[in-house]
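First comes the structure, then the notes that go with it.
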Amino acid sequence: MMKKFTQLAMAAAVIGATSFGAAATPVTNFYFSQSAGIVDPTTDASVDTYFNSGSGLTFGGTSAALPTPLYPTGTAATMSWYGAGANPQNLTNAPSSLAVTTYTSNNNLEVSGNGDGLWNEGEVWRITNLHHHNEALLLGPNANLALLSPLWVADIVANLRIFSDSVGGTLIHQELNSTTQVSFNETYNQNSNVSLCAPPNPHNTACDDIYTDLTPASFAPTYFFYNGTQYELSFGLEAGAGAIIYPDPLRVFTAESFPGDSDVYVTMAWRAVPEPGSLALAGLGLTALAALRRRKNLAA
101 MMKKFTQLAM
111 AAAVIGATSF
121 GAAATPVTNF
131 YFSQSAGIVD
141 PTTDASVDTY
151 FNSGSGLTFG
161 GTSAALPTPL
171 YPTGTAATMS
181 WYGAGANPQN
191 LTNAPSSLAV
201 TTYTSNNNLE
211 VSGNGDGLWN
221 EGEVWRITNL
231 HHHNEALLLG
241 PNANLALLSP
251 LWVADIVANL
261 RIFSDSVGGT
271 LIHQELNSTT
281 QVSFNETYNQ
291 NSNVSLCAPP
301 NPHNTACDDI
311 YTDLTPASFA
321 PTYFFYNGTQ
331 YELSFGLEAG
341 AGAIIYPDPL
351 RVFTAESFPG
361 DSDVYVTMAW
371 RAVPEPGSLA
381 LAGLGLTALA
391 ALRRRKNLAA
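Taken in order, the sequence shown gives residues 101 to 400; the numbers are from this note's numbering.
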């Protein structure tokens, strides 16, 4: 009986170790390209997106469509909105705007890493920049202040591609047409009276503008398999100059200044994830070896 148990324990240990080793095939680094843009909320097919022209502000439209198939169909780099005319703080009636810039791993935008210029496991890299340009906008006659919050709701759509050898090289994973819906509150300037601003108002300006993520699932981890190993992609949001991030719900507050600029970045990291079955077999092997050792000690 002891001999049979020893054989079973050794077999379980070998199977567990072999399976665990196969699941941990090493990859030194991956490469990525992110291509994203804004969809015109006044012309897209979604019933959830819009621009509130009754607010007293005017939609300035989007820039030229970005090239497909690299970018999602119908996306643009910039969206803008205007006031009803010039004012002392904006003599040319320049528009406020949101611009989307995306990166590849060739851009070497590490947030945390070893500085070798390669997207290694566990390193956080920027993949998208959202840039808000703010101007003092004059409200038109019959303006409805209630329609400023939100002023608009729009979709930001992205194509993410992962490569094994170089950007644009061997494609091993892609996530196409990933959509994040964003709303924007163009808060009414309270004659510099910060006490009239609804909390939170973290920049303490009168009053902070607010972007809100209406698609929280867009920051959930995603997974893919490559050479028998499962990998996880994790996403985050990093505040740049002029931006403060609040979670639950995910909001970005930008300072009210004339003109003013704020930046926020979408980040991404990757890691290898052992398969549950492999972990179970490895655990079985270790348990069997431990039991075998106890039996030998008792026999001694």
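Every residue, glycine too, gets a C-beta built ideally from N, C-alpha and C.
What do you reckon, are the CB atoms on residue i and residue j nearer than 7 Å?
i       : j       : result
Leu-157 : Leu-237 : yes
Gly-342 : Ser-362 : yes
Ser-266 : Tyr-131 : yes
Ala-177 : Ala-165 : no
Ile-138 : Ile-256 : yes
Thr-322 : Val-211 : no
Leu-452 : Glu-286 : In the structure displayed, the chain extends from 101 to 400; residue 452 sits before or after that span and is not available.
Gln-330 : Glu-275 : no
Glu-332 : Val-373 : yes
Spell out the partners DSSP gives residue i in its beta bridges.
i       : result
Ala-401 : Beyond the ends of the chain as shown, which are 101 and 400, falls residue 401; an answer cannot be given.
Leu-260 : Gln-134, Glu-275
Leu-166 : According to DSSP, which records beta bridges pairwise, Leu-166 is partnered with nothing at all.
Glu-332 : Tyr-323, Arg-371
Tyr-346 : Arg-351
Asn-293 : DSSP, once it has assigned bridges, lists no residue as partnering Asn-293.
Under DSSP, the beta strand (DSSP E) around residue i begins and ends at which residues?
i       : result
Gly-160 : 158 to 162
Asn-277 : 271 to 285
Asn-152 : Neither: Asn-152 is in no beta strand (DSSP E) and is coded neither H nor E.
Phe-353 : 351 to 354
Asp-309 : 309 to 313
Tyr-326 : 322 to 326
Give me the residue from the options with the minimum Cα distance to residue i.
i       : options                            : result
Ile-310 : Thr-168, Ser-264, Leu-198, Pro-167 : Leu-198
Val-404 : Val-364, Gly-360, Pro-359, Phe-358 : Because the chain here runs from 101 to 400, residue 404 falls outside it and cannot be looked at.
Thr-173 : Gly-160, Thr-279, Asn-190          : Thr-279
His-232 : Gly-360, Glu-375, Val-373          : Gly-360
Ser-180 : Asn-129, Asn-234, Ile-272          : Asn-234
Leu-218 : Ser-318, Phe-263, Thr-149, Ala-136 : Phe-263
Does the distance between the C-beta of residue i and the nearest non-hydrogen atom of the ligand NAP fall short of 6 Å?
i       : result
Gly-185 : Of ligands this structure carries none, so the ligand NAP is not represented either.
Entirely within the segment 168 to 255 and at least 4 residues each: give me those alpha helix (DSSP H) ranges in chain order.
Complete alpha helix (DSSP H) runs here, min 4: none at all.
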